[in-house]
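Student:
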Amino acid sequence: MAFKDYFSNHAEIYAQHRPSYPLELFDYLNSLVTQHQIAWDCATGNGQVAVGLTPYFNQVYATDASAQQLAYAIAHPQVQYSVATAEHSPFPDQSIDLITVGLALHWFNHELFYQEVRRVLRSDGAIAVWCYSDVELPTASPALQERLADFRRLVYPYFAPEIEYIWNRYETIPFPFVELETPQFLMIADWTVDHFIGYLQSLSGTQRYREHYGSEKLNELAAPLVAAWNNSATRLPVEWKIYLRAGKLE
Numbered sequence: 302m303a304f305k306d307y308f309s310n311h312a313e314i315y316a317q318h319r320p321s322y323p324l325e326l327f328d329y330l331n332s333l334v335t336q337h338q339i340a341w342d343c344a345t346g347n348g349q350v351a352v353g354l355t356p357y358f359n360q361v362y363a364t365d366a367s368a369q370q371l372a373y374a375i376a377h378p379q380v381q382y383s384v385a386t387a388e389h390s391p392f393p394d395q396s397i398d399l400i401t402v403g404l405a406l407h408w409f410n411h412e413l414f415y416q417e418v419r420r421v422l423r424s425d426g427a428i429a430v431w432c433y434s435d436v437e438l439p440t441a442s443p444a445l446q447e448r449l450a451d452f453r454r455l456v457y458p459y460f461a462p463e464i465e466y467i468w469n470r471y472e473t474i475p476f477p478f479v480e481l482e483t484p485q486f487l488m489i490a491d492w493t494v495d496h497f498i499g500y501l502q503s504l505s506g507t508q509r510y511r512e513h514y515g516s517e518k519l520n521e522l523a524a525p526l527v528a529a530w531n532n533s534a535t536r537l538p539v540e541w542k543i544y545l546r547a548g549k550l551e
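All you need for the working numbering is the position in the sequence shown, starting with 1, plus 301.
Printed below as a string of structure tokens:
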């Protein structure tokens, strides 16, 4: 079955401009299970979640349907990468203690993926899935906020329909498990305008806009945002809220 691939063609820029997850998120994921032999990070992308799980698990398997994405994944001796779709993993029955899916569940065939979860997850295991909010610039000037709003207004209609799950904070995405209480986490970065623009350009909707209108038009859209930043060397706080759901088998 073909997977929805919106990232292979810009895998390098995607890997370079991911925000970092807080340590507290991994502490929480660790607390979900009593056994810590094997974790599976599904749709791992650049491997940042998989590597973040290594202090807690003996072995982390990280899969992605995109070989191009895995070409830029972070190497680690405890992480084994392989190309596989979410719906068809290479793992034995009841072999996984924890399954994680960061910012990818909305692309999956949910019914088939959850069949796979029930097959490979141990009876006392857990699954955790999350997305994160649209990027926020909490200390930005009104002018910069306006330019960012202009950029979104023109580019964001090019996101695929599945992104609606993110706008709804994953509250409407199917999740047929015994749900656990989850805390609120925040990602925080300190970025220059170049890094911020790189992040915006790595988004699937932005790439679809570029495919439609070309790179020159995309650069024209970004120019007012760059100008409103005032100084290319200036670093501004950047934030994302993490919307997390976790559960156990029934």
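Here a beta-carbon is modelled for each residue, glycine too, at the ideal position from N, C-alpha and C.
(1) Under a Cβ-count criterion, where at least 16 other Cβ atoms within 10 Å of its own Cβ denotes burial, should ASN347 be classed as buried or exposed?
(2) Which value, in whole angstroms, describes the spacing of the CA atoms of ARG511 and SER505?
(3) Near GLU482, which residues of its chain fall below 7 Å by C-beta distance, leaving aside the five closest residues on each side in sequence?
(4) With a CB to CB cut of under 6 Å and the five nearest residues on each side skipped, what residues in its chain are close to PHE392?
(5) Does the beta carbon of THR473 fall short of 8 Å from some heavy atom of the ligand ADP?
(6) Taking 9 Å as the cut-off, decide whether the C-beta atoms of ILE474 and VAL527 are in contact.
(7) Distance check for PRO439 and PRO538, CA to CA, integer angstroms please.
(8) Return the chain-ordered ranges of every alpha helix (DSSP H) run that is complete within the segment 516-543 and spans a minimum of 4 residues.
(9) Hey, how far is the Cα of TYR466 from the Cα of TYR415?
(10) Is it buried or exposed, VAL384, if we count other Cβ atoms within 10 angstroms and call 16 or more buried?
(11) Exposed or buried, what is ASN515 when buried is set at 16 or more other beta-carbons lying within 10 Å of its beta-carbon?
(12) Check whether the segment 364-383 and the segment 440-457 touch, using three or more Cβ-Cβ pairs below 8 Å as the test.
(13) Under the rule that 16 or more other beta-carbon atoms within 10 Å means buried, what is PHE308, buried or exposed?
(14) Determine the extent of the alpha helix (DSSP H) in which ASP328 is found, giving its start and end residues.
(15) Let me confirm a value: HIS389 is counted as buried when at least 16 other C-beta atoms fall within 10 Å, else exposed. Which label applies?
(16) Closer than 8 Å is the cut-off here; do at least three beta carbon pairs connect the segment 323-335 with the segment 492-500?
(17) In the structure shown, what three-state DSSP assignment does PHE478 receive?
(18) If you reduce the DSSP assignment to three classes, tell me which class ILE397 lands in.
(19) To the nearest angstrom, how far is the alpha carbon of HIS411 from that of ALA534?
(20) Taking buried to mean at least 16 other C-beta atoms within 10 Å of its own C-beta, is ALA405 buried or exposed?
(21) Can the beta-carbon of GLU463 be found closer than 9 Å to that of HIS407?
(22) Whole-angstrom Cβ separation of ILE339 and SER396, contact assumed at under 8 Å?
(23) Report all residues from its chain with a CB closer than 6 Å to the CB of TYR362; omit the five preceding and five following residues, and keep chain order.
(24) With burial defined as no fewer than 16 other Cβ atoms inside 10 Å of the residue's Cβ, what is the status of VAL350: buried or exposed?
Tutor: Quick answer:
(1) Residue environment analysis places ASN347 among the buried positions, since at least 16 neighbouring C-beta atoms fall within 10 angstroms of its C-beta.
(2) In a straight line, the C-alpha of ARG511 is about 10 Å away from that of SER505.
(3) If we look at GLU482 and ignore the five residues flanking it on each side, it has no Cβ neighbours.
(4) A distance below 6 Å between beta-carbons, with the five flanking residues on each side excluded, links PHE392 to the following residues of its chain, in chain order: VAL421.
(5) The ligand ADP is absent from the structure shown, which contains no ligand whatsoever.
(6) It is not a contact, given that the beta carbons lie outside the stated cut-off.
(7) Using only the alpha carbons, I get a separation of about 7 Å.
(8) Entirely contained in the segment 516-543, the alpha helix (DSSP H) runs reaching 4 residues are, in chain order, 516-530.
(9) Going by the C-alpha atoms only, they are around 17 Å apart.
(10) So VAL384 ends up on the exposed side.
(11) The question names Asn, but residue 515 is Gly in the sequence shown. Burial call: exposed.
(12) Result no; under three Cβ-Cβ pairs closer than 8 Å.
(13) Reliability fails at PHE308, whose pLDDT of 43 lies under 50, so the model's placement of it is uncertain and the value that follows must be treated cautiously. It counts as buried.
(14) From DSSP, the alpha helix (DSSP H) with ASP328 extends over 324-332.
(15) With fewer than 16 other Cβ atoms within 10 Å, it is exposed.
(16) Touching, no, given that fewer than three Cβ pairs across the two stretches are closer than 8 Å.
(17) Correct three-state label for PHE478: coil.
(18) Note: ILE397 maps to strand in three-state DSSP.
(19) Taking the straight line from one Cα to the other gives about 43 Å.
(20) Around the CB of ALA405, 16 or more other CB atoms lie within 10 Å, so the residue is classed as buried.
(21) Contact: yes.
(22) In this structure, ILE339 and SER396 form a Cβ contact; the two beta carbons are roughly 6 Å apart against a cut-off of 8 Å.
(23) For TYR362, where only same-chain residues beyond five positions count, the Cβ hits under 6 Å are TRP341 and GLN381.
(24) It is buried - the Cβ of VAL350 has at least 16 other Cβ atoms within 10 Å.
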